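**Student:** Can you read through this structure? Questions will come right after.
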Amino acid sequence: MTIEHNEGDSPDLEYSQLAASHIAISAGERIRHAFNGTLGEEISKGGVDFATQADIDTDRFIAGELIKSFPKTVVLTEESAPEDYASRFKDTDNLWIIDPIDGTTNFSRKRPHFGISIALVDKGIPKVAVVYLPMQGELYTARVDSPALLNGAEIHVSQTDALEKTWVESGISWDMEKRAKFAKIWIPALTEKVRAFTMSGSAVYDMAAVAKGEVDAFVHCGIKPWDQAATGLIIQKAGGKITTAQGKEWNAFETEIISSNGIIHDQLTGLISGK
Ligand code: IPD
Ligand code: CA
């Protein structure tokens, strides 16, 4: 689909949200179709990291549609990112950050927990966020100037106020050093104190669950910008909080993060910071 738009130096935020939503829903139709068919052999990205043909096709589709709608903006996608993406893009304005399928392992094993993530950021700070969970039919959106919505209705984070009641979601990094730090330091520190600690296999899926109040927090030691750019803003606009693991100001290029309903945030950072 092509959307008519007269682009100035900075794209209009409402228009950007609408265009990205249409693109995410179209991408979702393709992914659902692939998921329900025969999935081909996976492509190795090195070590334990793999992509399916659907990741690559959807990555190209979303980037192509965004560039058609916003010819002046720059696109950073999971499947086409250069090694030095952080130094190249962390100071870029009007940057679209895309994860075509977040939760590739789930997708490849036919577990329906994965999502599409599209965010428009200035220097790593998101201003428009769109997440689509194609198997659940859930479209999450947020803008700096408007609330977080799920299929058009406002959403809010949970009210959980004590660690012993807190459900934390998480994930493991593709970076082996971060993975070891997570296993040795983060998991023991957290699991000793919280009620539940789980990993769905998709950061986007889990962070959307924080935004709608289903779970209370999502933490990650070694996350990438495409996993968190959109959902970080959605959590903030749903009344939650996202910071670095040290409790410092967040942007989408940070790698060790804590996001939560805000109420239990300092207690969670207290368990991790300084470690
Ligand atoms: C991964 C998932 C997972 C997280 C990893 C991510 P991918 O994304 O979000 O939950 O723990 O760090 O890389 O590879 O499925 O797009
Ligand atoms: Ca991802």
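Under the numbering used here, read the sequence shown as residues 190 to 464, first letter to last. All residues carry an ideal CB built from backbone N, CA and C; glycine is no exception. Treat the numbers as computed from the prediction; the structure is a model and nothing was measured.
Please check the pair Ser347 and Asp405, which I expect to be a contact at CB under 8 Å, by giving their CB distance rounded to whole angstroms.
**Tutor:** For the purposes of this step, residue 347 is taken as residue 158 along the sequence shown, with counting starting at 1. For the purposes of this step, residue 405 is taken as residue 216 along the sequence shown, with counting starting at 1. Rounded, the Cβ-Cβ distance is 5 Å, consistent with contact.
**Student:** Going straight from the alpha carbon of Cys410 to that of Gln417, what length do you get?
**Tutor:** As a first step, residue 410 must be located in the sequence shown, where it is residue number 221. As a first step, residue 417 must be located in the sequence shown, where it is residue number 228. If I take the Cα positions, the gap works out to 12 Å.
**Student:** If the criterion is Cβ atoms closer than 8 Å, does the pair Leu265 and Phe250 meet it?
**Tutor:** Here residue 265 refers to the residue found at position 76 of the sequence shown. Here residue 250 refers to the residue found at position 61 of the sequence shown. No, Cβ-Cβ distance for Leu265 and Phe250 is not below 8 Å.
**Student:** Find out if the Cβ-Cβ distance for the pair Val408, Leu457 is shorter than 8 Å.
**Tutor:** One-based indexing of the sequence shown puts residue 408 at position 219. One-based indexing of the sequence shown puts residue 457 at position 268. Yes, the Cβ-Cβ distance between Val408 and Leu457 is below 8 Å.
**Student:** Are the beta-carbon atoms of Ala434 and Thr420 separated by less than 8 Å?
**Tutor:** Counting from one through the sequence shown, the residue named residue 434 turns up at place 245. Counting from one through the sequence shown, the residue named residue 420 turns up at place 231. No, Cβ-Cβ distance for Ala434 and Thr420 is not below 8 Å.
**Student:** Check whether the Cβ of Glu267 sits closer than 7 Å to any heavy atom of ligand 2, and report yes or no.
**Tutor:** Taking the first residue of the sequence shown as position 1, residue 267 is located at position 78. Yes - ligand 2 has a heavy atom lying nearer than 7 Å to the Cβ of Glu267.
**Student:** Apply the 10 Å Cβ neighbour rule to Ile453 and answer buried if 16 or more other Cβ atoms are within range, or exposed otherwise.
**Tutor:** Taking the sequence shown and counting its residues from 1, the one referred to as residue 453 is at position 264. By the 10 Å Cβ count, Ile453 comes out buried.
**Student:** Do Gly304 and Ser391 have their beta-carbon atoms positioned less than 8 Å apart in this structure?
**Tutor:** Looking up residue 391 in the sequence shown gives position 202. Looking up residue 304 in the sequence shown gives position 115. In this structure, Gly304 lies closer than 8 Å to Ser391 by Cβ.
**Student:** So what's Phe224 in DSSP terms, helix, strand or just coil?
**Tutor:** Numbered from 1 along the sequence shown, position 35 holds the residue referred to as residue 224. DSSP places Phe224 in helix when its eight states are reduced to three.
**Student:** Give me the Cα-Cα distance between Leu339 and Asn283, rounded to the nearest whole angstrom.
**Tutor:** Your numbering for residue 339 matches position 150 in the sequence shown. Your numbering for residue 283 matches position 94 in the sequence shown. Each residue's Cα considered, the two are about 24 Å apart.
**Student:** Would a C-beta distance cut-off of 8 Å place Ile287 and Ile307 closer than the cut-off?
**Tutor:** Residue mapping note: residue 287 aligns to position 98 of the sequence shown, counting from 1. Residue mapping note: residue 307 aligns to position 118 of the sequence shown, counting from 1. In this structure, Ile307 lies closer than 8 Å to Ile287 by Cβ.
**Student:** Is it buried or exposed for Ile220, if we count other Cβ within 10 angstroms and need 16 for buried?
**Tutor:** Working through the sequence shown from its first residue, we reach residue 220 at position 31. With 16 or more other Cβ atoms within 10 Å, it is buried.
**Student:** Classify Ile461: buried if its beta carbon has 16 or more other beta carbons within 10 angstroms, exposed otherwise.
**Tutor:** Indexing the sequence shown from 1 puts residue 461 at position 272. Ile461 comes out buried.
**Student:** Using three-state DSSP, classify Ile192 as helix, strand or coil.
**Tutor:** Translated into the one-based positions of the sequence shown, residue 192 becomes position 3. Per-residue confidence for Ile192 stands at a pLDDT of 37, beneath the threshold of 50, marking its modelled position as unreliable; no derived number is given.
**Student:** Of the residues Ser205, Glu438, Pro377, Asp246, which one's Cα is nearest the Cα of Glu218?
**Tutor:** Numbered from its first residue, the sequence shown carries residue 218 at position 29. Ranking the options by Cα distance to Glu218, first place goes to Asp246.
**Student:** Would you kindly report the start and end of the unbroken alpha helix (DSSP H) that includes Phe278?
**Tutor:** Here residue 278 is taken as the residue at index 89 of the sequence shown, counted from 1. From DSSP, the alpha helix (DSSP H) with Phe278 extends over 274-278.
**Student:** Helix, strand or coil for Glu358 per DSSP?
**Tutor:** Here residue 358 refers to the residue found at position 169 of the sequence shown. Strand at Glu358.
**Student:** Output the residues surrounding ligand 2, defined as those with a CB atom closer than 5 Å to any ligand heavy atom, in chain order.
**Tutor:** Spelled out in chain order, the answer is Asp288, Asp291, Asp416.
**Student:** Give the C-beta separation of Glu231 and Ser335 to the nearest angstrom, bearing in mind that I take them to be a contact with Cβ-Cβ under 8 Å.
**Tutor:** Working through the sequence shown from its first residue, we reach residue 231 at position 42. Working through the sequence shown from its first residue, we reach residue 335 at position 146. Glu231 to Ser335, Cβ: 38 Å. No contact.
**Student:** Quick check on the burial criterion: 16 or more other C-beta atoms within 10 angstroms. Buried or exposed for Gly463?
**Tutor:** Locating residue 463 in the sequence shown gives position 274, counting from the first residue. So Gly463 ends up on the exposed side.
**Student:** May I have the straight-line CA-CA distance separating Leu228 from Thr294, to the nearest angstrom?
**Tutor:** Mapped onto the sequence shown, residue 228 falls at position 39. Mapped onto the sequence shown, residue 294 falls at position 105. So the alpha carbons of these two residues sit roughly 12 Å apart.
**Student:** Sort out for me which residues DSSP pairs Ile314 with in a bridge.
**Tutor:** The residue given as residue 314 occupies position 125 in the sequence shown. Bridge partners of Ile314: Asp311.
**Student:** Apart from the five residues on each side of it in sequence, which residues of its chain come closer than 6 Å, Cβ to Cβ, to Glu443?
**Tutor:** In the sequence shown, counting from the first residue as 1, residue 443 sits at position 254. Same-chain partners within the cutoff: Thr433.
**Student:** Could you check whether the Cβ of Ala419 sits closer than 7 Å to any heavy atom belonging to ligand 1?
**Tutor:** Residue numbering aside, residue 419 sits at position 230 when the sequence shown is read from its first letter. No, ligand 1 has no heavy atom inside 7 Å of this Cβ.
**Student:** To the nearest angstrom, report how far apart Arg384 and Pro377 are at their CA atoms.
**Tutor:** Reading the sequence shown from its first residue, position 195 is the one you call residue 384. Reading the sequence shown from its first residue, position 188 is the one you call residue 377. The straight-line gap from Cα to Cα measures roughly 13 Å.
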